[in-house]
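Notes follow once the structure below has been shown.
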């Protein structure tokens, strides 16, 4: 079965420091990759997506992610985090032959003043 | 405004009392699904629907039912809720079933407590 792994369940980082949230998935066949953010007591909203083309994808709020086919990874990065980035982040993968989006277990980002 | 609307947002019920959580989308999306979110487990898909009258089980369907009689609505039914169904539930919709238009749009969530 296809799977999505987010290697860190919690990531604390100081304000204005860079951050990387890691995501790996199980298969390198045609995939569509997404990062979602969930702020406290809210639903999930799309941060960015990779469908095809350039492997570096830019999203909202200064986030970007890089698709690496050989390593089956889609890590999320931000060069300088703000307090308002405190949230839970979910990586999701859609496979061309599947009717489902598979989500990772989430990474809680805590930005420390 | 394009959105997915779930009701209620919060619900406390007793074991065995049937309940329905409603979900409606106004984007004319074909694909709708239900997830539950539990600490440390992320989002797990309960059921999904590829179109009207077409539904299928996700990863954790036991104890749940769904129906898709209209394109916009996809209610989640718990015939006999149990405490292990206490969770945060999300409804989601997307334009297409597979391919690049599988970006999911989520409702605000329903926090269910079964006592």
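Residue numbers (the numbering used here), protein chains in the order written: chain B, 4 to 116; chain C, 42 to 156. C-beta: ideal position from N, C-alpha, C; glycine also.
Contact set between residue i and chain B, taken where Cβ atoms lie within less than 7 Å
i	result
residue 143 (chain C)	35, 97, 104
residue 66 (chain C)	Here the premise fails: no neighbours, minimum Cβ distance about 13 Å.
residue 115 (chain C)	Residues of chain B passing the Cβ test: none, with the nearest at roughly 15 Å.
Where residue i sits in the DSSP three-state scheme
i	result
residue 92 (chain C)	strand
residue 67 (chain C)	coil
residue 88 (chain B)	helix
residue 15 (chain B)	strand
residue 105 (chain B)	strand
residue 126 (chain C)	helix
residue 56 (chain C)	coil
residue 150 (chain C)	coil
residue 75 (chain B)	coil
residue 110 (chain B)	strand
residue 8 (chain B)	strand
residue 65 (chain B)	helix
residue 58 (chain B)	coil
Under 9 Å from the C-beta of residue i: neighbouring residues of chain B
i	result
residue 86 (chain C)	103, 104, 105, 106
residue 99 (chain C)	103
residue 131 (chain C)	46, 47
Interface residues of chain C facing residue i [CB-CB closer than 8 Å]
i	result
residue 93 (chain B)	83, 84
residue 52 (chain B)	144
Cβ-Cβ separation, residue j to residue i (assumed contact under 8 Å), whole Å
i	j	result
residue 134 (chain C)	residue 109 (chain C)	Incorrect: roughly 11 Å between the Cβ atoms, too far for contact.
residue 96 (chain C)	residue 130 (chain C)	That belief does not hold up - the Cβ atoms of residue 96 (chain C) and residue 130 (chain C) are roughly 16 Å apart, past 8 Å.
residue 56 (chain C)	residue 124 (chain C)	7 Å
residue 39 (chain B)	residue 93 (chain B)	5 Å
residue 73 (chain C)	residue 115 (chain C)	4 Å
residue 66 (chain B)	residue 51 (chain B)	6 Å
residue 23 (chain B)	residue 78 (chain B)	6 Å
Cut-off 6 Å between Cβ atoms - residues of its own chain near residue i, not counting five sequence neighbours on either side
i	result
residue 53 (chain B)	36, 60, 70
residue 100 (chain C)	85, 86
residue 112 (chain C)	93
Cβ-based neighbour list, residue i, same chain, cut-off 7 Å, excluding 5 preceding and 5 following
i	result
residue 128 (chain C)	77, 78, 79, 153
residue 17 (chain B)	115
residue 51 (chain C)	152
residue 98 (chain C)	88
residue 54 (chain C)	60, 122, 155
beta-carbon residue i near the ligand GDP non-hydrogen atom, thresh 7 Å
i	result
residue 120 (chain C)	The ligand GDP is not part of the structure shown, which contains no ligands of any sort.
Own chain, CB closer than 8 Å to residue i, minus 5 neighbours either side, in chain order
i	result
residue 12 (chain B)	108, 109, 110, 111
residue 59 (chain C)	118, 119, 120, 121, 122
residue 3 (chain B)	The requested residue 3 (chain B) does not occur in the structure, where chain B is confined to residues 4 to 116.
residue 5 (chain B)	28, 29, 30, 96, 98, 101, 105
residue 146 (chain C)	43, 44, 45, 66, 68, 70, 133, 134, 135
residue 113 (chain B)	13, 14, 15, 16, 89
Neighbour list for residue i in chain B, Cβ cutoff strictly below 8 Å
i	result
residue 126 (chain C)	In chain order: nothing, as chain B lies at least about 19 Å away.
Interface residues of chain C facing residue i [CB-CB closer than 7 Å]
i	result
residue 109 (chain B)	83
Practice item. Pick out the complete alpha helix (DSSP H) segments inside the region 14–55 of chain B, 4 residues or longer, and give them in chain order. Key: Within the region 14–55 of chain B, no run of alpha helix (DSSP H) reaches 4 residues while sitting entirely inside it.
Review point. Mind listing which residues of the region 41–75 of chain B have their C-beta closer than 9 Å to chain D's C-betas, in chain order?
Key: The chain inventory of the structure shown lacks chain D, comprising the protein chains B and C.
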